[in-house]
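Colleague: Below is one structure. I have some questions about it.
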DNA sequence: TAGAAACTGTTTCATTTGAAACAATATTGA
DNA sequence: TCAATATTGTTTCAAATGAAACAGTTTCTA
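Protein chains in written order, with the numbering used here: chain A, 12 to 178; chain B, 12 to 178.
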């Protein structure tokens with residue numbers, strides 16, 4: 012059943028593979044950075060997803076679906092978060108005059124100011140937290156992730172007899 | 012301008028640093044792999060966090076707090092997920108005879124069977140999805156993430172200069 | 001042109017998550 | 001010993017998330 016036709020007769024059923032180790036580490040690093048971000052924002056009247064939306068919005072307005080695409084989430088997730096940002100006065104909804112289906116998410120002056128204040132500090136903290144990697148290693152990591160990301164975007168071919176069916 | 016030897020490199024508000032790019036990619040890769048896992052498990056009567064708990068449980072039982080530590084989440088998160096796993100018959104709670112505060116999470120035979128079935132397929136799919144990286148690159152990625160993880164575990168030295176460096 | 005199909009954002013529902021408060025239990029130290 | 005402290009897991013609440021159904025709008029096409 013789980014007979015692998017790969018030349019390497021490795022049994023990965025209960026073993027740990029380099030791929031699994033890498034993925035586990037990726038989840039852990041992601042979790043820790045997320046936690047740090049949450050703490051950073053705690054005193055700022057913002058949650059992590061709220062800050063992300065703020066980062067993708069603009070004064071002139073951005074369609075909600077464009078933001079959800081960049082955040083890799085569903086439109087339905089953003090409705091509530093935007094509602095809370097509106098309640099806090101950081102963004103507002105405006106209808107798109109060219110397409111009445113679209114509602115544009117616009118930064119208010121307060122939101123733009125918040126962002127001007129927060130974003131540089133956010134970047135600087137991230138830089139400091141990654142100091143355990145040399146400048147070269149950060150570049151290496153970025154390129155590896157970029158390559159992995161591209162590979163994930165291409166739909167994975169189902170293992171139909173392991174035949175190389177490349178389109 | 013992109014010389015990053017001095018922390019006085021302010022005005023990165025709209026700029027992107029290698030660190031930020033790496034982090035953004037890390038979030039995207041994480042999101043895509045999570046989505047794939049969700050689809051894989053959809054027909055299996057399991058959600059992603061439910062599958063994770065199953066992976067950390069054992070026939071002889073594991074304290075809930077040990078599972079939450081490995082998953083880097085709060086105990087309170089697991090109560091509900093374990094409840095649903097119990098409802099599905101995959102785990103059960105048993106009191107620890109040595110410490111009456113502890114409740115051990117035990118795989119049932121059905122849960123163990125589910126895991127025997129799922130885990131090898133899960134690993135194999137992950138391996139396939141990371142095929143865009145060579146074996147060497149997977150090792151590289153793992154080592155970089157390992158190093159980054161260790162660096163994040165060590166408490167970041169005072170970012171008191173973060174205040175004066177801005178505004 | 002009308003109808004079918006696609007797109008955009010919201011609503012609803014179930015699940016997950018983080019945080020705080022809490023009860024029960026265990027450990028420590030005077 | 002006994003009272004202060006720490007721990008374990010649960011409950012409660014607010015927020016976030018994924019999925020499905022939906023209404024309003026636009027686009028396609030026969």
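From the three backbone atoms N, C-alpha and C, an ideal C-beta is built for every residue, glycine too.
#1: Identify, in the order they occur along the chain, each residue of the same chain with its Cβ nearer than 8 Å to the Cβ of residue 66/A, setting aside the five sequence neighbours on each side.
#2: Between 79/B, 163/B, 122/B and 78/B, which has its C-alpha nearest residue 56/B's C-alpha?
#3: Please state the DSSP three-state secondary structure of residue 56/A.
#4: Using 8 Å as the threshold, is the region 146-163 of chain A in touch with the region 144-159 of chain B, meaning 3 or more CB pairs across them?
#5: Which residue wins for smallest C-alpha separation from residue 46/A, given the options 26/B, 83/B and 144/B?
#6: Please identify, using Cβ separations under 8 Å, the residues of the region 27-43 of chain B that lie next to chain A, in order along the chain.
#7: Is it buried or exposed for residue 109/A, if we count other Cβ within 10 angstroms and need 16 for buried?
#8: Tell whether a beta-carbon distance below 9 Å holds between residue 44/A and residue 52/B.
#9: Determine whether the Cβ of residue 163/A lies closer than 9 Å to any Cβ atom of chain B.
#10: Any Cβ of chain A within less than 9 Å of the Cβ of residue 137/B?
#11: Taking only the alpha-carbon atoms, compute the straight-line gap between residue 138/A and residue 144/A and give it to the nearest angstrom.
#12: For residue 33/B, count neighbouring C-beta atoms within 10 Å of its own C-beta (all shown protein chains included) and say buried if the count is 16 or more, exposed if not.
#13: Which residues in the same chain as residue 31/A place their Cβ atom closer than 6 Å to its Cβ, once the five residues preceding and following it in sequence are excluded?
#14: For residue 116/B, write down the residues that DSSP places opposite it in a beta bridge.
#15: Taking the alpha-carbon of residue 114/A as reference, which of 91/A, 141/A and 73/A has the nearest alpha-carbon?
#16: Please compile the residues from chain B whose C-beta is within a distance smaller than 8 Å of the C-beta of residue 151/A.
#17: At a Cβ threshold of 9 Å, is residue 70/A touching chain B?
#18: Just reading off the alpha helix (DSSP H) that residue 98/A is part of, what are its end residues?
#19: First and last residue of the alpha helix (DSSP H) that includes residue 157/A?
#20: Less than 9 Å between CB atoms is the rule here; does residue 79/A satisfy it with respect to chain B?
#21: I want to verify the contact list: residues of chain A whose CB lies under 9 Å from the CB of residue 76/B, in sequence order.
#22: Using 10 angstroms around the beta-carbon of residue 179/B, count the other beta-carbons present and answer buried if the total reaches 16, otherwise exposed.
#23: Applying a beta-carbon distance threshold of less than 8 Å, which residues of chain A neighbour residue 158/B?
#24: Since residue 51/A sits in a beta bridge, which residues does DSSP pair it with?
#25: Within 10 Å of its beta-carbon, does residue 93/A have 16 or more other beta-carbons around it, so buried, or fewer, so exposed?
Modeller: Let's see:
#1: Taking the first chain and counting its residues from 1, one reaches residue 66/A at position 55. So the qualifying residues of the chain are 126 and 130.
#2: Working through the second chain from its first residue, we reach residue 56/B at position 45. Checked all of 79/B, 163/B, 122/B and 78/B; the closest Cα to residue 56/B is 122/B.
#3: To locate residue 56/A, count along the first chain from 1; it is residue 45. Coil, per DSSP.
#4: The region 146-163 of chain A is in contact with the region 144-159 of chain B.
#5: Taking the first residue of the first chain as position 1, residue 46/A is located at position 35. Cα-wise, what sits closest to residue 46/A is 83/B.
#6: 28, 29, 30, 31, 32, 33, 34, 36, 37, 38, 39, 40, 41, 42 and 43
#7: Translated into the one-based positions of the first chain, residue 109/A becomes position 98. Answer is exposed; the Cβ neighbour count stays below 16.
#8: In the first chain, the residue the question calls residue 44/A occupies position 33. In the second chain, the residue the question calls residue 52/B occupies position 41. Contact flag unset, no.
#9: Translated into positions along the first chain, residue 163/A becomes position 152. Answer yes: the Cβ-Cβ gap between residue 163/A and chain B drops below 9 Å somewhere.
#10: Within the second chain, numbered from 1, the residue matching residue 137/B stands at position 126. Output row for residue 137/B: interface = yes.
#11: Taking the first chain and counting its residues from 1, the one referred to as residue 138/A is at position 127. Taking the first chain and counting its residues from 1, the one referred to as residue 144/A is at position 133. Cα to Cα, residue 138/A sits roughly 10 Å from residue 144/A.
#12: As a first step, residue 33/B is located in the second chain; it is residue number 22 there, counting from the start. Note on residue 33/B: 16 or more other CB atoms within 10 angstroms of its CB, so buried under the neighbour-count rule.
#13: By one-based count along the first chain, residue 31/A stands at place 20. Result list for residue 31/A: empty, nothing under 6 Å.
#14: Here residue 116/B refers to the residue found at position 105 of the second chain. In DSSP, residue 116/B forms a bridge with 73/B and 104/B.
#15: Within the first chain, residue 114/A is the residue found at index 103, counting from 1. Answer by Cα proximity: 73/A.
#16: To locate residue 151/A, count along the first chain from 1; it is residue 140. Within chain B, the residues near residue 151/A are 151 and 155.
#17: For the purposes of this step, residue 70/A is taken as the residue at position 59 of the first chain. Output row for residue 70/A: interface = no.
#18: Position 87 of the first chain, counting from 1, holds the residue named residue 98/A. Counting along the chain, the alpha helix (DSSP H) containing residue 98/A begins and ends at 86-98.
#19: Counting from 1 along the first chain, the entry for residue 157/A is found at position 146. Segment 146-164, the alpha helix (DSSP H) holding residue 157/A.
#20: As a first step, residue 79/A is located in the first chain; it is residue number 68 there, counting from the start. Output row for residue 79/A: interface = no.
#21: Sequence index remark: in the second chain, residue 76/B carries index 65 (1-based). Neighbours of residue 76/B on chain A: none; closest Cβ ~17 Å, over 9 Å.
#22: Any question about residue 179/B goes unanswered here, given that chain B covers just 12 to 178.
#23: Translated into positions along the second chain, residue 158/B becomes position 147. Ordered by position in chain A, the residues that pass the 8 Å Cβ test against residue 158/B are 143, 144 and 148.
#24: Translated into positions along the first chain, residue 51/A becomes position 40. Note: residue 51/A sits in no beta bridge, so no partner.
#25: Position 82 of the first chain holds residue 93/A. That one is buried.
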